[in-house]
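This report refers to the structure that appears directly beneath it.
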Amino acid sequence: MIGKDSKLDLAVLKVETDKPLPYVKFGDDAKSRIGDWVLAIGNPYSLGGTITAGIISARNRDIQSGPYDKYIQTDASINRGNSGGPMFNMDGEVIGINTAIFSPSGGNIGIGFAIPSNQARHVISQLRKFGHTKRGRIGINFQPVTDDIAESLGMKEGHGALVTSVVEGGPADKAGLEPDDIIIEFEGRIIKKRNELPIWVANTDIGKKVELVVLRKGKRKTLTLIIDELPENDEVDDGTILPDQDDADMDVKEILGMSLEPITEKARKALKLDDDVEGVLVASVDRNSPAGEKGLRRGDVILSITQEKVNTPDAALERIEELRKKGRKRILLKIIRQGNTAFVTVKFDDE
1 MIGKDSKLDL AVLKVETDKP LPYVKFGDDA KSRIGDWVLA IGNPYSLGGT ITAGIISARN
61 RDIQSGPYDK YIQTDASINR GNSGGPMFNM DGEVIGINTA IFSPSGGNIG IGFAIPSNQA
121 RHVISQLRKF GHTKRGRIGI NFQPVTDDIA ESLGMKEGHG ALVTSVVEGG PADKAGLEPD
181 DIIIEFEGRI IKKRNELPIW VANTDIGKKV ELVVLRKGKR KTLTLIIDEL PENDEVDDGT
241 ILPDQDDADM DVKEILGMSL EPITEKARKA LKLDDDVEGV LVASVDRNSP AGEKGLRRGD
301 VILSITQEKV NTPDAALERI EELRKKGRKR ILLKIIRQGN TAFVTVKFDD E
């Protein structure tokens, strides 16, 4: 094996033989259109070589399987065992590599996916040259700006990448990007979908200078940074269990179905929070409340409410009431859960 890429589930194998081997050519998937006929080849259920026909149902499909999703969707029959098989256009060129299906039963229902040939060729060329894939990075974690998030921030449209954290010493950190910034443009391209920014960054040459346009508390700001290489390893955080609070004098506040408490030393230790983390602890959540409907749960730590830091339950209540009086229909909570930072929108009770 010359190299593998776990993020796209691709590998390059070297075959040594005395005879020339037959091969097929990659085509340009960008030239294909929705409705074009395609052929899929594979070995479903180990039955042997099988070919099926269908059309391209959609392009650039994001199935939430990873940061670089931009699959070709087809109704050509794809089942278990088809993964790794080629998808041909009518000119006999490979425009995709079959990789996944969507099915509640495990069998084909006419929704299959293939890695586009142009994306595969880029990865394969790097595997052949370096033995691994070199992807660009800017050193942030983010989540897409949904319509709910946009509404909670007073934005007119829900698009962009909301920065949840910035890697210390990374390109974004050096350029001055901050948590809570919203990246709306990358190199002049407006970010409209969840997967666009990771793909654009990953495909940018290492060491290249790029421009980002961000919104910082409603004001546009242009930053220039240098693309760095994405490390191959991914970190996974372990879950933690929050101990029962035993302080009878605890300052507990309830709002939107949440019980909020100060962060005690016992809770800080159990949640493995750094000493400099300030916020309020979610002690309990009513499942039928606005907070419960959005997935807030015991052990979450609220750092800020609609881009204003809160470090006591009273401060949290004051901020929520301030936003209610301003006519906001939703609030934006920045939380820490099991070491990961995320944003959650919660509507007011009367909405």
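Just so we're aligned, residue 1 is where the sequence shown starts under full-length UniProt numbering, counting upward by one. Beta carbons are placed, not taken as given, at the ideal position from N, Cα and C, and that holds for glycine. Owing to the predicted nature of the structure, the values given are computational and were not obtained by experimental measurement.
The beta strand (DSSP E) enclosing residue 67, as first and last residue numbers: In the sequence shown, the residue the question calls residue 67 occupies position 67. Careful: residue 67 lies outside any beta strand (DSSP E) and carries neither H nor E.
Spatial neighbours of residue 229 in its chain, beta-carbon cut-off 8 Å, leaving aside the 5 residues before and after: For the purposes of this step, residue 229 is taken as the residue at position 229 of the sequence shown. The answer, listed in chain order, is 134, 135, 136, 137, 206.
N- and C-terminal bounds of the beta strand (DSSP E) containing residue 60: Residue numbering aside, residue 60 sits at position 60 when the sequence shown is read from its first letter. Under the DSSP assignment, residue 60 falls in the beta strand (DSSP E) whose first and last residues are 50-61.
Where the beta strand (DSSP E) through residue 290 begins and ends: Looking up residue 290 in the sequence shown gives position 290. Under the DSSP assignment, residue 290 falls outside any beta strand (DSSP E), being part of the alpha helix (DSSP H) whose first and last residues are 290-293.
Classification of residue 72 by the beta-carbon crowding that lies within 10 angstroms, buried from 16 upward: Residue 72 sits at position 72 when you count from the first residue of the sequence shown. It is buried - the Cβ of residue 72 has at least 16 other Cβ atoms within 10 Å.
Cβ neighbours of residue 30 in the same chain (closer than 7 Å, five flanking residues each side left out): Along the sequence shown, one-based indexing puts residue 30 at 30. Taken in chain order, the residues that qualify are 118.
Inter-residue spacing [alpha-carbon to alpha-carbon] between residue 329 and residue 126: Translated into positions along the sequence shown, residue 329 becomes position 329. Translated into positions along the sequence shown, residue 126 becomes position 126. Taking the straight line joining both Cα atoms gives about 48 Å.
Simplified DSSP assignment, three categories, for residue 203: Working through the sequence shown from its first residue, we reach residue 203 at position 203. Residue state, collapsed to three classes: coil.
Whole-angstrom distance between residue 181 and residue 41, CA atom to CA atom: Position 41 of the sequence shown holds residue 41. Position 181 of the sequence shown holds residue 181. Taking the straight line from one Cα to the other gives about 45 Å.
Whether residue 91 touches residue 27 by CB criterion (8 Å): In the sequence shown, counting from the first residue as 1, residue 91 sits at position 91. In the sequence shown, counting from the first residue as 1, residue 27 sits at position 27. At the C-beta level, residue 91 and residue 27 come within 8 Å of one another.
C-alpha gap between residue 9 and residue 285, whole angstroms: Within the sequence shown, residue 9 is the residue found at index 9, counting from 1. Within the sequence shown, residue 285 is the residue found at index 285, counting from 1. Taking the straight line from one Cα to the other gives about 39 Å.
8 Å Cβ cutoff met for residue 167 and residue 140: Working through the sequence shown from its first residue, we reach residue 167 at position 167. Working through the sequence shown from its first residue, we reach residue 140 at position 140. Judged by their CB atoms, residue 167 and residue 140 are nearer to each other than the 8 Å cut-off.
Three-way DSSP call (helix, strand, coil) for residue 319 in this model: In the sequence shown, counting from the first residue as 1, residue 319 sits at position 319. DSSP places residue 319 within a helical segment (H, G or I) once states are collapsed to three.
Option nearest residue 277 by Cα separation, candidates 218, 325, 341, 258: In the sequence shown, residue 277 corresponds to position 277, counting from 1. For the residues 218, 325, 341, 258, the minimum Cα distance to residue 277 belongs to 341.
For residue 307: DSSP bridge partner residues: Translated into the one-based positions of the sequence shown, residue 307 becomes position 307. Bridge partners of residue 307: none, in fact.
Pair within 8 Å by beta-carbon distance, residue 311 and residue 346: Residue mapping note: residue 311 aligns to position 311 of the sequence shown, counting from 1. Residue mapping note: residue 346 aligns to position 346 of the sequence shown, counting from 1. Result no, Cβ atoms of residue 311 and residue 346 do not sit closer than 8 Å.
Simplified DSSP assignment, three categories, for residue 76: As a working note, residue 76 is residue 76 in the sequence shown. In the structure shown, residue 76 sits in coil (DSSP, three-state: anything other than H, G, I, E or B).
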